[in-house]
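Here the sequence shown stands for residues 85 to 287, where the numbers follow our numbering.
A quick write-up on the structure given underneath.
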Amino acid sequence: MQDEARNIEKDVFTREQLSELIQAASSEDWTGAILGGYYTGLRLRDIADLRWSAVDLEGRIIKVTTRKTGKTVTVPIHPQFAAWLDKQTRGIGKAPLFPTLAGKAGVGKSGLSMAFPRIMERAKIKGRLLREANGVGRSQSSLSFHSLRHGFVSAMANAGVAQELRQKLTGHASAEMNAQYTHHELESLRAAVSVIPSIGSKL
């Protein structure tokens, strides 16, 4: 699986660290984004730009076309993320789920990829140094927002969820596989997501 191979050096956040990230989040939008990243496996930009039109609260699913692959994925909503969503004022149509994050650049000093490390710093969480900047680019840590996606995959793999289901949930299945789900297949995806442990913090 592509992401699993690419992230071999990446670490995952422990449940304690996830709870600390939630407590250190600088806004309600970031709280939701962290929960969303952990419970859907979506990448940072896909999370930040989520629209209410992609969220089916009654059916408890999120359906979104990912920026990187252009594939549409359907991800059942984990109960803890659903509980957070239920507390939010529901927007209409293309209203952003996270208004303060939507449309922000991924890189740059005020970009999303720099904002998350500041949350990690407030939570006193530091990953292993994988690459030093040395005047070129920036340092790379073993922990980042992408570690939430890695944790999403790892939790399911550790619980014995089939690789085919993990691929469907992360957008690595073929277009034909992702195009349509039968009721039985959707229930299998729900069962896969349900094995992801809840974060211990009170939200």
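Glycine included, C-beta positions come from ideal geometry on N, C-alpha and C.
CA nearest to the CA of residue i, picked from the options
i, options, result
"Lys-155", "His-256, Ala-132, Ala-275", "His-256"
"Leu-227", "Asn-242, Ile-209, Val-237, Ala-241", "Ile-209"
"Lys-171", "Glu-112, Ala-246, Ile-118, Ala-199", "Glu-112"
Residue i, buried or exposed, once every other Cβ within 10 Å from all chains shown has been counted against 16
i, result
"Arg-151", "exposed"
"Val-96", "buried"
"Gly-116", "buried"
"Val-159", "buried"
"Asp-133", "buried"
"Asp-87", "Residue placement at Asp-87 cannot be trusted, given a pLDDT of 48 that sits under 50; what the coordinates show is reported in the next sentence. Buried."
Inter-residue CB distance, residue i and residue j (contact presumed, cutoff 8 Å)
i, j, result
"Ala-138", "Ile-131", "That belief does not hold up - the Cβ atoms of Ala-138 and Ile-131 are roughly 11 Å apart, past 8 Å."
"Ile-106", "Ile-283", "6 Å"
"Leu-128", "Phe-229", "5 Å"
"Arg-144", "Ala-167", "Not confirmed; about 11 Å, so no contact."
"Arg-250", "Ala-239", "The pair is not a contact, with the Cβ atoms about 10 Å apart (cut-off 8 Å)."
"Thr-254", "Val-279", "Actually they do not touch by this definition, with Cβ atoms about 15 Å apart."
Contacts around residue i, its chain only, beta-carbon distance under 7 Å, and the 5 residues preceding and following it disregarded
i, result
"Arg-206", "Ala-108"
"Ile-203", "Leu-105, Ala-108, Ala-109, Ser-110, Trp-114"
"Gly-244", "none"
"Ser-231", "Lys-94, Asp-95, Val-96, Phe-97"
Residues near residue i by beta carbon distance below 6 Å, same chain, minus five either side
i, result
"Val-277", "Pro-160, His-162"
"Gln-164", "Ser-282"
"Thr-149", "Thr-156"
Proximity of residue i and residue j at Cβ, strictly below 8 Å
i, j, result
"Gly-175", "Trp-136", "yes"
"Arg-274", "Gly-125", "no"
"Gly-235", "Tyr-122", "yes"
"Leu-185", "Leu-196", "yes"
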